[in-house]
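Okay, structure first, notes after.
Residue numbers (the working numbering): 1 to 295.
Dropping the structure here:
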């Protein structure tokens with residue numbers, strides 16, 4: 001079961017937490033030949049020039065918010081706001097306020113707008129495409145393989161190692177609870193870590209584009225390490241949920257599934273960023289000085 005409130009709290013918490021972390025981050029002094037803006041800032045400046053300036057971008061942001069609201073009220077069969085709607089509204093709001101805060105906080109504002117932009121690309125657009133092409137029921141063989149063999153099977157195997165009788169068939173995991181009852185859990189896209197992976201990758205790319213000048217080898221190594229941590233963190237989350245259900249029943253399992261996932265995500269992501277910020281401060285080129293005057 002998907003918790004919309006938990007999702008909103010999670011996204012906002014991640015955005016605030018990452019912003020605080022990058023604000024507290026102190027990169028090393030730039031090398032003498034590093035005299036230009038980071039790729040992320042240059043990309044945003046190019047986009048603003050391409051579309052016609054600050055006011056046009058602000059209008060685009062307001063239009064995006066208006067489209068989401070109108071669609072949900074007059075077109076959608078489900079008028080309540082969902083995760084994609086919330087992310088789109090956040091991105092539209094960032095487009096509106098970016099020209100206002102950029103003169104004094106351009107680096108931080110650039111990080112926020114690129115982060116939200118990647119989240120929209122990785123989460124919102126695929127959902128829109130799937131809903132238009134297959135009524136929201138689209139699946140892929142790769143996705144099924146990942147859920148079946150990288151999540152359901154290891155999840156069941158770890159529970160067995162911990163003394164909890166379980167078995168898996170496809171994306172279904174059957175668990176014998178402590179009271180003797182048998183329950184079958186379905187591993188869905190939400191359980192597969194779709195949101196945590198997408199948010200992590202978005203934050204990582206935004207961080208690299210705006211704050212860090214990594215070598216290609218270091219970039220690939222750090223990204224792979226982060227994805228591994230994300231995978232293990234998601235697997236640990238599933239095991240915790242399964243153990244809660246085993247000892248305290250199905251209601252406790254549902255509550256844990258709705259509320260604990262984002263806390264585990266924040267825990268492993270905080271550890272990852274603490275390690276990466278410390279490492280990159282010592283081994284990568286810092287961000288060059290930036291002129292805070294409005295372009």
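For every residue, glycine included, the Cβ atom is placed at its ideal position computed from N, Cα and C.
All values reported here derive from a predicted model rather than from experimental measurement.
Residue range of the unbroken beta strand (DSSP E) whose run includes residue i
| i | result |
| --- | --- |
| residue 175 | 172-176 |
| residue 167 | 166-169 |
| residue 186 | 182-186 |
Close Cβ partners of residue i (< 6 Å) along its chain, the five nearest in sequence each way excluded
| i | result |
| --- | --- |
| residue 33 | Only weak support exists for where residue 33 lies, its pLDDT of 44 falling under 50; the value from the coordinates is given anyway. No residues qualify anywhere along the chain. |
| residue 227 | none |
| residue 168 | 152, 153 and 156 |
| residue 47 | none |
| residue 159 | 166 and 242 |
| residue 257 | 241 |
| residue 44 | 110 |
Nearest-angstrom Cα separation, counted from residue j out to residue i
| i | j | result |
| --- | --- | --- |
| residue 185 | residue 53 | 51 Å |
| residue 265 | residue 126 | 22 Å |
| residue 60 | residue 76 | 22 Å |
| residue 145 | residue 242 | 21 Å |
| residue 240 | residue 100 | 44 Å |
| residue 217 | residue 211 | 17 Å |
| residue 113 | residue 49 | 16 Å |
| residue 91 | residue 246 | 40 Å |
| residue 119 | residue 237 | 22 Å |
| residue 174 | residue 224 | 31 Å |
| residue 82 | residue 131 | 14 Å |
| residue 164 | residue 96 | 52 Å |
| residue 170 | residue 278 | 41 Å |
| residue 128 | residue 273 | 31 Å |
| residue 297 | residue 248 | Residue 297 falls outside the range modelled here, since the chain spans only 1 to 295, and no answer is possible. |
| residue 70 | residue 63 | 10 Å |
| residue 255 | residue 261 | 10 Å |
| residue 148 | residue 98 | 42 Å |
| residue 280 | residue 219 | 10 Å |
| residue 253 | residue 188 | 15 Å |
| residue 55 | residue 65 | 16 Å |
| residue 205 | residue 181 | 45 Å |
| residue 68 | residue 202 | 22 Å |
| residue 104 | residue 207 | 19 Å |
| residue 161 | residue 176 | 14 Å |
| residue 106 | residue 232 | 35 Å |
| residue 263 | residue 172 | 25 Å |
Rounded distance between the beta-carbons of residue j and residue i, thought under 8 Å
| i | j | result |
| --- | --- | --- |
| residue 41 | residue 110 | 5 Å |
| residue 250 | residue 178 | With a Cβ gap of about 12 Å, residue 250 and residue 178 do not count as contacting. |
| residue 116 | residue 94 | 5 Å |
| residue 38 | residue 214 | Not quite, the Cβ-Cβ distance comes to about 11 Å (not below 8 Å), so this is no contact. |
Own chain, CB closer than 7 Å to residue i, minus 5 neighbours either side, in chain order
| i | result |
| --- | --- |
| residue 200 | 226, 230 and 269 |
| residue 276 | 222 |
| residue 234 | 193 and 196 |
| residue 198 | 119, 122 and 123 |
| residue 244 | 252, 253 and 256 |
N-terminal and C-terminal residue of the alpha helix (DSSP H) that residue i is part of
| i | result |
| --- | --- |
| residue 105 | 83-119 |
| residue 209 | 194-210 |
| residue 45 | 39-51 |
| residue 147 | Segment: none, residue 147 is in no alpha helix (DSSP H) and carries neither H nor E. |
| residue 157 | 153-161 |
| residue 65 | 54-70 |
Other residues of its chain near residue i: CB distance less than 8 Å, five sequence neighbours each side excluded
| i | result |
| --- | --- |
| residue 73 | 79 |
| residue 51 | 57 and 60 |
| residue 135 | Since pLDDT at residue 135 reaches only 49, below the 50 mark, its modelled position is unreliable, and no value is offered. |
| residue 84 | 123, 124, 127 and 128 |
| residue 267 | 233 |
C-beta neighbour in chain C for residue i, strict 9 Å
| i | result |
| --- | --- |
| residue 220 | You won't find chain C in this structure, because it holds only one protein chain. |
At 3 residues or longer, what runs of the beta strand (DSSP E) sit wholly inside the stretch 234-260? none
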